[in-house]
Structure formats: C-alpha cells, structure tokens
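With the numbering used here applied, the sequence shown corresponds to residues 9 to 221, in that order. The beta carbon of each residue, even a glycine, is placed where N, CA and C say it ideally should be.
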Amino acid sequence: MSAESRIMDDIAAAVTRGMDEEAVSLCAKAIGEGTGAREIIREGLSRGMHEAGELYERHEYFLPELLLASEAMHAGIEAVVPSLQPAQDTGGGETVVLGVVEGDVHEIGKNLVAVMLEAEGYRIVDLGYDVAPERFIDGLRANGARVLALSTMMTTTIPNMRRTVELARELEPRPLIVVGGAPLSGSVATDMGADGYGENSARAPGLIRSLLG
C-alpha cells in the first residue's frame, strides 16, 4: 500500500470515528505531501462519511455518531478548501439545482454531493431540505439550470421525489434529472423517470458529466 493510500484510509477512518481534529491534521499532512484537494475529499472525507452512513443504516451507529462523523467531514473540507482550484474545464460552470425532497430533513449526503460538484467546477443552487416539488421547479427556472439533483433517505418520501421528477420532465427545455439516497436503486430511478442514479456522493460528478456529454 502506498503512503498516499494509507493517509486516505486514515482520513476516512478519522471521519468515520468522528475525530475532527485528527481529520484536519491528516488533511493538512496530505496537502503538504502533494495530494490534491479533490482526491482528499473523494477518497478520504467522502469515503469516511459514506462508511459512517452505512454503519447508521445497519443500526451500528446512531444519530450522535453520525453527526460527529459529519462534523469531522466538514472540518476536513474546510481544511482543504483553500487548496482547491475550481476545475472549470470539468464542470464547465454548469448550474445544478439540488435539494432533499419534501418530508425529509436528512441532508448530510446532499451536502457532500454539493461539495463534490463544486470541486469539479459546477455552480450549485442548494435549496436545502424538505423542499416541495414546486420549489425545485422554481429553482430550475430562476437559475436556468440544466441539472436537477434530488436526494432522500426515506422510503416514505419517494412519492414526493417522483412528483418532482414528473414536474421537471414537463419543462422545456427538460433538465437532466439525477437522484440518490439510501432507499433508491437504479431500477427505482428509471421507473420514476430520472436520467441517472447516484449510488454515492463520490460518483455524482462523473455521473452528471457523463449525462451532459
């Protein structure tokens, strides 16, 4: 295992364990050793938060542990942001409207997706959580966005996501629609009419880039 791989593993572990000071220290060390900020976010911070989310889903973690992991992730992000140069040649400045659908207040995954997309040069319009379908449509129209990204962590709010997708598909020009969240799958996304399904936040930039062509 390379030294870079080891420090990415250490950063991920620090986030998963909710150790914010250790995460910041390791991020600073990685930057000092020449590791790019995007790689730190993708391979260290994002991976650690994803692992914490999986522990939460398996009921091995509870909300306090998940919140500590989120705080550690955000502390790490703040540590690497000064070294982050927007990749305008990747995202091309395209606008993405994103948010958590109505009835759901779980926004950790959504926040991480926003960071990943900003790191790739996308312009982010974050509508927050518990967002009604009509607000998403207003956000798309007001910002001339080509991409709509929807998130939910609850099966009970999938109908609200489906309604949002239906409304978005009626727009001209129709935006590209990507969805993500624990209760979803590729088949569920296709069934509701979305253009793409993000299995995790780290894959969001690549997914959107491929859809935009």
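Collapsed DSSP secondary structure at residue i in the structure displayed
i: glutamate 217; result: Going by the sequence as given, residue 217 is arginine instead of glutamate. If DSSP states are grouped into helix, strand and coil, arginine 217 belongs with the helices.
i: tyrosine 205; result: strand
i: valine 113; result: coil
i: arginine 131; result: strand
i: threonine 198; result: helix
i: serine 10; result: coil
i: leucine 125; result: helix
i: serine 159; result: strand
i: leucine 120; result: helix
Spatially closest choice to residue i from the options, by CA coordinates
i: glycine 40; options: Asn151, Ala87, Val173 and Ser218; result: Ala87
i: valine 105; options: Glu65, Gly147 and His82; result: Gly147
i: asparagine 126; options: Gly101, Pro181, Arg149 and Asp138; result: As written in the sequence, residue 126 is glutamate, which differs from the asparagine given in the question. Among Gly101, Pro181, Arg149 and Asp138, the Cα nearest to that of glutamate 126 belongs to Gly101.
i: methionine 81; options: Arg66, Arg50 and Tyr64; result: Arg50
i: glycine 26; options: Glu73, Glu47, Met161 and Ile48; result: Glu73
i: alanine 11; options: Gly42, Val155 and Val32; result: Gly42
i: glycine 52; options: Arg154, Asp112 and Ala22; result: Ala22
i: leucine 179; options: Ala36, Asn119 and Val155; result: Val155
i: leucine 71; options: Glu142, Ala36 and Thr24; result: Thr24
i: asparagine 168; options: Asp112, Gly84, Glu47 and Arg149; result: Asp112
Close Cβ partners of residue i (< 6 angstroms) along its chain, the five nearest in sequence each way excluded
i: histidine 55; result: The displayed chain sequence assigns arginine, not histidine, to residue 55. Contacts found: Ala20.
i: alanine 45; result: Val88, Ser91 and Leu92
i: leucine 219; result: Leu184, Asp203 and Gly204
i: arginine 177; result: Gly201
i: serine 78; result: Ile116
i: phenylalanine 144; result: Thr172
Chain-order list of residues whose beta-carbon lies under 8 angstroms from that of residue i (same chain, five-residue window excluded)
i: glycine 136; result: Gly107, Val108 and Glu115
i: valine 121; result: Leu106, Ala157, Ser159, Gly188, Gly206, Ser209 and Ala212
Neighbourhood of residue i by C-beta, 7 angstroms cutoff - its chain only, sequence neighbours within 5 removed
i: aspartate 18; result: Leu34
i: tyrosine 69; result: Ala60 and Leu63
i: asparagine 151; result: Thr103, Val105 and Val133
i: alanine 190; result: Glu65 and Met161
Presumed contact (8 angstroms Cβ cut-off) between residue i and residue j, rounded CB distance
i: aspartate 138; j: glutamate 110; result: 6 angstroms
i: alanine 153; j: alanine 83; result: Not really, about 30 angstroms apart at Cβ, beyond 8 angstroms.
- Task: Please go through the stretch 13-89 and give each complete alpha helix (DSSP H) segment of 4 or more residues, from N-terminal end onward.
- Result: The stretch 13-89 contains these whole alpha helix (DSSP H) runs: 28-40, 54-65 and 71-88.
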